[in-house]
């Protein structure tokens, strides 16, 4: 399933949204712990989706990442997210978009809820300055 996300033709696939949605629900939690090697594969694929020009796919992929970052496994899932190249900077960028802001904020919140080193890594990546910008852009935005 995760290999399909990395296929060059994924963006043109008419079932791509279903795949990302299904993956996000598999990762949503309440299930047995998924081995980290599968999470890493999923994260590589989901990260590539975050760079497509498909807003609905990006939202679903960001929620899937937020679910992975909701770590019940002693920090290994958070580490997997933080170790995925280009993922943390992209989550910061997604704070600027009203459609992806909530999912990105949940993912980043779950990351900073980890250990001290994990929290520091997210702060060092610029979370606070991005949060200030995010706050200014949505002063009239109503959250559900």
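Residue numbers (the UniProt record's numbering): 1 to 144. A virtual CB, placed ideally from N, CA and C, is assigned to each residue, including glycine. Quantities reported herein were computed from a predicted structural model and do not represent experimental measurements.
Less than 8 angstroms between the beta carbons of residue i and residue j, yes or no?
i           : j          : result
residue 59  : residue 69 : no
residue 125 : residue 89 : yes
residue 39  : residue 65 : no
How is the alpha helix (DSSP H) around residue i delimited, first residue to last?
i           : result
residue 89  : 87 to 94
residue 60  : 55 to 69
residue 119 : 116 to 124
residue 40  : 36 to 49
Assign residue i to one of three DSSP states: helix, strand, or coil.
i           : result
residue 99  : coil
residue 72  : coil
residue 113 : coil
residue 18  : helix
residue 13  : coil
**Item:** Cβ contact check for the stretch 93 to 107 and the stretch 71 to 80: 3 or more pairs under 8 angstroms
**Value:** Fewer than three beta-carbon pairs drawn from the stretch 93 to 107 and the stretch 71 to 80 are found closer than 8 angstroms, and the two stretches are therefore not classed as touching.
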